[in-house]
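Participant: Going by the working numbering, the sequence shown opens with residue 255, and the numbers climb by one from there. No residue lacks a Cβ here, since even glycine has one placed at the ideal position from N, Cα and C.
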Amino acid sequence: MVKNANLHKAKNAKNDEFYTQLTDVAKELMHYKKHFKDKIVFCNCDDPTWSAFWKYFHLNFAELGLKKLISTHYDREEATYKMEYTGGDDNDIEAGVKTPLEGNGDFRNQECLDLLDECDIVVTNPPFSLFREYVAVLMEHEKKFLIIGNKNAITYKEFFPLLKDDEVWIGCTNVKEFLQPDGSIKKFGNIGWFTNLDVAKRHEKLILWKNYTPEEYPTYDNYDSINVNKVSDIPCDYNGVMGVPITFMDKYNPEQFEIVGLLQSSTNEQAGIPNLRYYNDFKEMRQDMSFTGASGGKANGNPVIKEKPVKGNFLYNPITKEYVHSLYARIVIRRKVGA
Ligand SMILES: C[S@@+](CC[C@H](N)C(=O)[O-])C[C@H]1O[C@@H](n2cnc3c(N)ncnc32)[C@H](O)[C@@H]1O
Numbered sequence: 255m256v257k258n259a260n261l262h263k264a265k266n267a268k269n270d271e272f273y274t275q276l277t278d279v280a281k282e283l284m285h286y287k288k289h290f291k292d293k294i295v296f297c298n299c300d301d302p303t304w305s306a307f308w309k310y311f312h313l314n315f316a317e318l319g320l321k322k323l324i325s326t327h328y329d330r331e332e333a334t335y336k337m338e339y340t341g342g343d344d345n346d347i348e349a350g351v352k353t354p355l356e357g358n359g360d361f362r363n364q365e366c367l368d369l370l371d372e373c374d375i376v377v378t379n380p381p382f383s384l385f386r387e388y389v390a391v392l393m394e395h396e397k398k399f400l401i402i403g404n405k406n407a408i409t410y411k412e413f414f415p416l417l418k419d420d421e422v423w424i425g426c427t428n429v430k431e432f433l434q435p436d437g438s439i440k441k442f443g444n445i446g447w448f449t450n451l452d453v454a455k456r457h458e459k460l461i462l463w464k465n466y467t468p469e470e471y472p473t474y475d476n477y478d479s480i481n482v483n484k485v486s487d488i489p490c491d492y493n494g495v496m497g498v499p500i501t502f503m504d505k506y507n508p509e510q511f512e513i514v515g516l517l518q519s520s521t522n523e524q525a526g527i528p529n530l531r532y533y534n535d536f537k538e539m540r541q542d543m544s545f546t547g548a549s550g551g552k553a554n555g556n557p558v559i560k561e562k563p564v565k566g567n568f569l570y571n572p573i574t575k576e577y578v579h580s581l582y583a584r585i586v587i588r589r590k591v592g593a
C-alpha cells in the first residue's frame, strides 16, 4: 500500500512539472491590464529563477503600475525561499529580495497562506493534480486570481457551482504547449485560464441566428430541456431550458444567459432541473446488440436522447423494447429575459 501511495505521488509530481511559456502568459495578461495598478501580485507555484509568470510581472512591473511582486518556490522535500520585488530594475529579473522560507513552499503552508492574505491577485499555473484544492484555498481566502487549468474542471462537482454562480469564469486564450523539465515541449488539447477578474470578452454577446424546431432540437428523454449539439446552433427564438456543450462556457455572457445546471451523472441539485427518468431497468448494448454487462443505471443524470445512435454503445430495455443513449456533458442554460 505504502509503495503504491508513493508511486501515485511520484506520478502526480511528474504530471505537475509543466512550465508555462512567456508568450502564453503575455497573450492572456494583455486583457487584464487595468486590474494591476497598485496591486500586489503573488505567484505561489513559481520558482523565480525560471518562472514565466515571475518574468512577465518583473519585466512589466512599472508598465502595470504594480506595488509588489512575490513568488514562492516549491520543493517536495527541502526548505525553499520567496522572492519579493518592489520595483527599481524591471529588466534584471534577478533583482529582488530573496528570503528563506521555513517550509517547502507548499501553497497550503501557513507562511504561504500569510503571503496569500497579503497579496491582491494570484497569477500562476498551479499543479494540475491539486487543482480542486488550490481553487478552494483561493476562494476561502477571497482572492482575485488568474490561473491556468484543465477545462475538464468545468464539470468537476466542486468547481462547476463557482461557474454557475458567476464567481469564476473562463479567460480569453488557450494554452497549447508547455515546457517539460528536460526542455522538450508537451502539447495539450484542453488547457485554458480561469479567473474572477472582469474581462471584456465576458460582456460580448453571442450572435444567434438559428430558429427552433422540435425536429432539430429534441427534448431529452429524462429532462424537460431541449438538446443543442453545437454552441453556434443555440436557437435565437427559444426561451426555455437548453442543454449545450461545455464549450459554451468560453462564450458565456451572464447578461445574455443564465446557467441553470450541469447534466453529467447529475443529482437534481447539480442538474438544476428535475430528473424525470432513471435507466436501471435498461442494459448497455453494443451496436451488434451484444450486452456489455453494464446496467443502464450508468446513464442516470446524463443528457439522454430517445433513439438508437448510429455508432457507439446505447441502452436497451428488453421489456419495453426502447432504445436510448447518453450524450456528452451538457450545461443547462436559459436566455435572460430581454437579452
Ligand atoms: C504546472 S507546474 C507550473 C509551474 C509554473 N507555475 C509555470 O507555470 O511554469 C506546477 C508547479 O507547482 C509546483 N507544485 C507542486 N505541488 C505544489 C504545492 N503543493 N505547492 C506549491 N507548488 C507546488 C510544481 O513543482 C510545479 O512546478
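1) Who does Y273 pair with in a DSSP beta bridge?
2) Using 8 Å as the cut-off, can you tell me whether the stretch 509–523 makes contact with the stretch 401–421, which would need three or more C-beta pairs spanning the two stretches below that distance?
3) DSSP beta-bridge partners for C297?
4) If you compare alpha carbons, which of D542, R531 and F536 is closest to P557?
5) For M539, is the classification buried or exposed, using 16 other Cβ atoms within 10 angstroms of its Cβ as the cut-off for buried?
6) If you measure from the CB of N345, is any heavy atom of ligand 1 nearer than 7 Å?
7) Please name the residue or residues paired with T334 in a DSSP beta bridge.
8) Using the C-alpha atoms, what's the distance from Y286 back to D491?
9) Rounded C-beta distance between M496 and S479? I'm assuming under 8 Å.
10) Helix, strand or coil for I500 per DSSP?
11) Looking only at DSSP bridge pairs, what is K549 linked to?
12) Residue range of the alpha helix (DSSP H) that E387 falls in?
13) Per the contact definition of three or more C-beta pairs closer than 8 Å, is the stretch 271–280 in contact with the stretch 347–359?
14) Assuming V429 contacts G446 (C-beta within less than 8 Å), just tell me the rounded distance between them.
15) What's the gap between the Cα of D343 and the Cα of V482?
16) Verify whether the separation of the beta carbon atoms of I294 and T409 is less than 8 Å.
17) By how many angstroms is the C-alpha of F511 removed from the C-alpha of V591?
18) Sorry if obvious, but does the Cβ on N298 come closer than 7 Å to a heavy atom of ligand 1?
19) Under the DSSP definition of a beta bridge, which residues are partnered with R362?
20) Is G357 near ligand 1, going by C-beta to nearest heavy atom under 7 Å?
21) Let's see if you can read the secondary structure: which residues bound the alpha helix (DSSP H) around K441?
22) How big is the Cα-Cα spacing for P381 and I402?
23) How about V514 and R588: do their beta carbons lie closer than 8 Å?
24) What does the alpha-carbon distance come out to for the pair T574 and D475?
Facilitator: So, from the data block:
1) Reading the sequence shown from its first residue, position 19 is the one you call residue 273. According to DSSP, which records beta bridges pairwise, Y273 is partnered with L433.
2) Contact between the stretch 509–523 and the stretch 401–421 is present: 3 or more CB-CB pairs across the two stretches fall below 8 Å.
3) Reading the sequence shown from its first residue, position 43 is the one you call residue 297. Residue pairing of C297 in beta bridges, as defined by DSSP: S325.
4) Mapped onto the sequence shown, residue 557 falls at position 303. It is R531.
5) Position 285 of the sequence shown holds residue 539. Buried, because 16 or more other Cβ atoms sit within 10 Å of the Cβ of M539.
6) Here residue 345 corresponds to residue number 91 of the sequence shown, with the count starting at 1. Result no, Cβ not under 7 Å from ligand 1.
7) As a first step, residue 334 is located in the sequence shown; it is residue number 80 there, counting from the start. DSSP output for T334 lists no bridge partner at all.
8) Mapped onto the sequence shown, residue 491 falls at position 237. Mapped onto the sequence shown, residue 286 falls at position 32. Spanning the two alpha carbons is a distance of roughly 34 Å.
9) Working through the sequence shown from its first residue, we reach residue 496 at position 242. Working through the sequence shown from its first residue, we reach residue 479 at position 225. Going by Cβ atoms, the distance from M496 to S479 rounds to 6 Å, so yes, they are a contact pair.
10) What you label residue 500 is simply residue 246 of the sequence shown in a count that begins at 1. In this structure, I500 counts as helix in the three-state DSSP scheme.
11) Mapped onto the sequence shown, residue 549 falls at position 295. Note on identity: in this sequence residue 549 is Ser, with Lys being the wrong assignment. Paired residues: K537.
12) Taking the sequence shown and counting its residues from 1, the one referred to as residue 387 is at position 133. According to the DSSP assignment, E387 belongs to the alpha helix (DSSP H) that extends over F385 to E394.
13) Pairwise C-beta distances place the stretch 347–359 out of contact with the stretch 271–280, as fewer than three of them are shorter than 8 Å.
14) Numbered from its first residue, the sequence shown carries residue 429 at position 175. Numbered from its first residue, the sequence shown carries residue 446 at position 192. Contact between V429 and G446 holds, with the beta-carbon distance rounding to 7 Å and staying under 8 Å.
15) Taking the sequence shown and counting its residues from 1, one reaches residue 343 at position 89. Taking the sequence shown and counting its residues from 1, one reaches residue 482 at position 228. Taking the straight line joining both Cα atoms gives about 53 Å.
16) Translated into the one-based positions of the sequence shown, residue 294 becomes position 40. Translated into the one-based positions of the sequence shown, residue 409 becomes position 155. Contact: no.
17) What you label residue 591 is simply residue 337 of the sequence shown in a count that begins at 1. What you label residue 511 is simply residue 257 of the sequence shown in a count that begins at 1. Rounded to whole angstroms, the gap between the alpha carbons of V591 and F511 is 9 Å.
18) As a first step, residue 298 is located in the sequence shown; it is residue number 44 there, counting from the start. Yes - ligand 1 has a heavy atom lying nearer than 7 Å to the Cβ of N298.
19) Stepping through the sequence shown from its first residue, residue 362 is reached at position 108. BP columns for R362 are empty, so no partner.
20) Locating residue 357 in the sequence shown gives position 103, counting from the first residue. Remark: the shortest separation between the CB of G357 and any heavy atom of ligand 1 does not fall under 7 Å.
21) Indexing the sequence shown from 1 puts residue 441 at position 187. Note, K441: premise wrong, no alpha helix (DSSP H); beta strand (DSSP E) at I439 to K441.
22) Locating residue 381 in the sequence shown gives position 127, counting from the first residue. Locating residue 402 in the sequence shown gives position 148, counting from the first residue. So the two alpha carbons sit approximately 9 Å from each other.
23) For the purposes of this step, residue 514 is identified with residue 260 of the sequence shown, where counting begins at 1. For the purposes of this step, residue 588 is identified with residue 334 of the sequence shown, where counting begins at 1. With a cutoff of 8 Å on beta-carbon distance, V514 and R588 are scored as near each other.
24) For this step, residue 574 is matched to residue 320 along the sequence shown. For this step, residue 475 is matched to residue 221 along the sequence shown. A straight-line Cα-Cα distance of about 14 Å links T574 and D475.
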